[in-house]
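Set out below in C-alpha cells:
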C-alpha cells in the first residue's frame, strides 16, 4: 500500500495565486520526484531531488527535499490555467532498488 | 517523438480473456518499469527490468501477470484470465543507465474488463 501521505487532496485557487503541497512519510527516502498528470495521460516529470535539504526550481515550480529525508514540498508561483491537473510526489525508499512509491495526488483547479 | 510509447492506448476485454500490452522505452534507456494506476490513486509499482533481466517484482504481480523484455528493448506485459479487478491504467516508464533515478512515463494503456 501507499507509504506517502500527500496533502492537500484537492485545491481550488484563483489564477495568479501561489500553491503549496507536500508529501510526508514515516520512512526515509533517498530520492524525491514530482510529477503532473493530465486526464488519460501518463505522469510528466517536473522536478527531481537527490539530497536532503536540496531546493530546486523549474520555472515557476520550486521543490524541496526535507532535511529529515521523510518529506518533500512543491510550490507553484503565479498559477495559470494550464497548471490544472493532478500533482504526484514519488520517492525511492532508502534500501529499495529503483521502484517509485507514489503519493495519492493533489488535484489542482485554477479558477480564472 | 522520442518519448516512451505504449500500445494499445485502450483495451476492452471480457473477463477470462488474455491481454498483452507493449511498451517501447526511450531508445537509450536500459531500465524499464511497469506500474498500475487505479482511479483516484497514484501509480503502484509492478516490475522492473535492467536490460533484459527482470530484477524486481511486486507482490501485486500475481501469477496471472507476466512481463518480458527479451532483447533489452521493448517490453510486454501479459495478463492471463483477466478479472474485473484488473481494470486500471497500466503505465510504463524508462530511465537511463548510470546514477539517474528519473523515470519518464508513457501515455499508458487503459484496460477495461467487462
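Residue numbers (our numbering), protein chains in the order written: chain A, 164 to 275; chain B, 123 to 236. Backbone N, C-alpha and C fix where the C-beta goes; we use that ideal spot for every residue, glycine too.
Is the CB-CB distance between residue i and residue j below 7 angstroms?
i	j	result
residue 240 (chain A)	residue 223 (chain A)	yes
residue 154 (chain B)	residue 197 (chain B)	yes
residue 234 (chain B)	residue 209 (chain B)	yes
residue 251 (chain A)	residue 230 (chain B)	no
residue 246 (chain A)	residue 207 (chain A)	no
residue 264 (chain A)	residue 167 (chain A)	yes
residue 206 (chain B)	residue 215 (chain B)	no
residue 213 (chain B)	residue 159 (chain B)	yes
residue 287 (chain A)	residue 182 (chain A)	No answer is possible for residue 287 (chain A): it lies beyond the span of chain A, which begins at 164 and ends at 275.
residue 152 (chain B)	residue 173 (chain B)	yes
residue 218 (chain A)	residue 253 (chain A)	no
residue 211 (chain B)	residue 186 (chain B)	no
residue 199 (chain A)	residue 248 (chain A)	yes
When DSSP labels each residue in this structure, what does residue i get in the three-state scheme?
i	result
residue 162 (chain B)	coil
residue 235 (chain A)	strand
residue 225 (chain B)	coil
residue 245 (chain A)	helix
residue 227 (chain A)	strand
residue 257 (chain B)	Within the shown structure, residues of chain B are numbered from 123 to 236, placing residue 257 (chain B) beyond reach of any answer.
residue 207 (chain B)	helix
residue 148 (chain B)	coil
residue 203 (chain A)	coil
residue 221 (chain A)	strand
residue 164 (chain A)	No answer about residue 164 (chain A) holds up, because its pLDDT of 48 lies below 50 and its placement is not dependable.
residue 180 (chain A)	coil
residue 175 (chain A)	strand
residue 273 (chain A)	strand
residue 153 (chain B)	strand
residue 213 (chain A)	coil
residue 140 (chain B)	coil
residue 208 (chain A)	strand
residue 124 (chain B)	coil
Using a Cβ-Cβ distance under 7 angstroms, would residue i count as near chain B?
i	result
residue 217 (chain A)	no
residue 269 (chain A)	no
residue 256 (chain A)	no
residue 224 (chain A)	no
residue 251 (chain A)	yes
residue 208 (chain A)	yes
residue 265 (chain A)	yes
residue 172 (chain A)	no
residue 205 (chain A)	yes
residue 166 (chain A)	no
residue 194 (chain A)	yes
With a threshold of 7 angstroms between beta carbons, is residue i in contact with chain A?
i	result
residue 183 (chain B)	no
residue 118 (chain B)	This structure leaves residue 118 (chain B) out entirely; chain B is present only between 123 and 236.
residue 147 (chain B)	no
residue 174 (chain B)	no
residue 190 (chain B)	no
residue 150 (chain B)	no
Over what stretch of residues does the beta strand (DSSP E) that includes residue i continue unbroken?
i	result
residue 233 (chain B)	231-235
residue 133 (chain B)	132-135
residue 185 (chain B)	From DSSP, residue 185 (chain B) is part of no beta strand (DSSP E); its letter is neither H nor E.
residue 199 (chain B)	197-201
residue 128 (chain B)	127-129
Is residue i near the ligand ZN, going by C-beta to nearest heavy atom under 6 angstroms?
i	result
residue 188 (chain B)	Judged by which ligands are present, the structure shown has none, so any question about the ligand ZN falls away.
### Task
Would you check if the segment 178-188 of chain B and the segment 166-177 of chain A touch, i.e. whether three or more CB-CB distances between them fall below 8 angstroms?
no
### Message
When you compare the segment 199-216 of chain A with the segment 137-147 of chain B, are there three or more beta-carbon pairs, one atom per stretch, that lie closer than 8 angstroms?
### Response
no
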